[in-house]
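For any residue, its number in our numbering is found by taking its place in the sequence shown, counting from 1, and adding 415.
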Amino acid sequence: MKAVILVGGQGTRLRPLTNEIPKPMLPMANIPFFEHTLRLLKSYGITDIILSSGYLGDHFRDYFKDGSHLGVKLTHVIEDEPLGTCGAVKNVEGLFGKDTVAVLNGDILSSVNFEHLLLFHKERGAKVTLTLYSVEDPTAYGLVPLNGDGRVTEFVEKPSFDQVTTHWINAGIYLIEPEVLKYAPKGQNYSFERGLFPALLDKNIPIYGFPYSGYWKDIGSPQNYLKAHHDILEGRVTFDYHGQEVKPRVYIADGCNISDKANLFGPSIVGKNCSIDDNAFVFSCTTIGNNVKIAKSAKIYDSIIFDDVEIGENCIIKSSILARGVRLGDEVHIDNLSVLGDEVKVGHRNYLAKGIKLSPQSIIKEDQIRF
Ligand code: GTP
């Protein structure tokens, strides 16, 4: 079976992190998130993979090249204009044979079992099978009600609470028979959820839902991106990360200089060539990237720190995300899901506590913000 992974979206909910890096290339436990998806597919023998990108598409091609170092064969197709989820797949249909194709949204962290999914699809004679996941608040997603046989009866996109008739949402992982793409227009922006799938239902073409109860997370918002890191660190989803386990669930990569008086609590990860000074604390559920400097008595809780960040003395960082090359002076506090874009500089004694989002290269001089 071949797979198409859709990675052409702009990732607006994750701005400013996605201003210069497409969402699936953001680090997840210190490796590009997209690598996880490739490894998952490869573990089911799916190695012929088409990558449908658009926004900042060169990043994928430059980093993953033909995929051979990961044991997969990647074909990159970069759209000039966004074609939407179905339009993107229609655009590459010439690369499919007659066999079933797996289609994946590129921003999903999951452990979906593709063997079970394919078996389910074949046994039912489905033309499309959608993986379904149950969430507490389905209003931000597409709902997929089923009949007693597991056939999809309708698609309800981002419903209000009074329209909620099922807890099953579209998990963004499908199997399709390529023949259904004949109902999709070529070269147009066209969506699966609003376009092709409802059109197939109108023609009574069998679409089935595969209820999935394993790990699943859409990493597309700061909250979910942070939560996905927690889940990886807590071992709720399998993930390969680099580094040696120096004490229970504290992984440290090569070349680090960590003071004997620093305190690290697991689960946490520290990338290559980092320095952590006396009396600094790295608390649980924290990921530190490569080449990060953490000065004396700084405390980091439950946060994601990208590569090349410098954190001054006595800083406190909680539940926040610092992108590549951020520099913090001394006694800076950052809290409450704040997101600092690439190379932001924050001078001494600023308090950024209200989930602030700072654009790349912003500069905040010392003693400017206290909220
Ligand atoms: P937000 O802007 O934050 O909603 O994120 P997004 O741009 O990724 O959009 P969304 O979550 O709706 O997209 C779901 C998946 O489809 C993501 O993996 C996107 O990269 C991908 N995708 C969305 N639109 C397109 C498109 O026009 N072309 C391609 N190739 N992929 C797309």
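Ideal placement from N, C-alpha and C gives every residue a C-beta, glycine not left out.
Quick caveat, the model's predicted, so the values are computed rather than measured.
{"Item": "As a quick exercise: from 604, 601, 597, 664, pick the residue whose alpha carbon is nearest that of residue 615.", "Value": "597"}
{"Item": "Would you say the beta carbon of residue 428 is closer than 7 Å to some non-hydrogen atom of the ligand GTP?", "Value": "yes"}
{"Item": "Say yes only if the C-beta of residue 550 is nearer than 7 Å to one or more non-hydrogen atoms of the ligand GTP, and no if none qualify.", "Value": "no"}
{"Item": "State yes or no: is the C-beta of residue 425 nearer than 7 Å to some heavy atom of the ligand GTP?", "Value": "yes"}
{"Item": "Mind checking whether the beta-carbon of residue 522 lies closer than 7 Å to any heavy atom of the ligand GTP?", "Value": "yes"}
{"Item": "Apply the 10 Å Cβ neighbour rule to residue 478 and answer buried if 16 or more other Cβ atoms are within range, or exposed otherwise.", "Value": "exposed"}
{"Item": "With hydrogens ignored, establish whether the beta-carbon of residue 421 is closer than 7 Å to any heavy atom of the ligand GTP.", "Value": "yes"}
{"Item": "Comparing C-alpha positions only, which one of 539, 559, 456, 659 sits nearest to residue 608?", "Value": "559"}
{"Item": "Going by C-alpha to C-alpha distance, which of 536, 707, 752 sits closest to residue 622?", "Value": "536"}
{"Item": "Taking only the alpha-carbon atoms, compute the straight-line gap between residue 625 and residue 591 and give it to the nearest angstrom.", "Value": "13 Å"}
{"Item": "Among the residues of its own chain, which have a CB less than 8 Å from the CB of residue 573, if the five just before and after it don't count?", "Value": "554, 555, 556, 557"}
{"Item": "Helix, strand or coil for residue 443, going by three-state DSSP, please let me know.", "Value": "strand"}
{"Item": "Any chance the segment 511-526 sits against the segment 576-584, with 3 or more Cβ pairs inside 8 Å?", "Value": "no"}
{"Item": "Is it the case that the CB of residue 467 approaches a heavy atom of the ligand GTP more closely than 7 Å?", "Value": "yes"}
{"Item": "Out of 627, 643, 691, which one is the CA nearest neighbour of residue 708?", "Value": "691"}
{"Item": "Hey, which unbroken runs of the beta strand (DSSP E) at 3 residues or more fall wholly within the segment 579-612?", "Value": "583-591"}
{"Item": "Report the CB separation of residue 739 from residue 721 in whole angstroms; it is logged as a contact under 8 Å.", "Value": "4 Å"}
{"Item": "Whose C-alpha, out of 505, 774, 699, is nearest the C-alpha of residue 419?", "Value": "505"}
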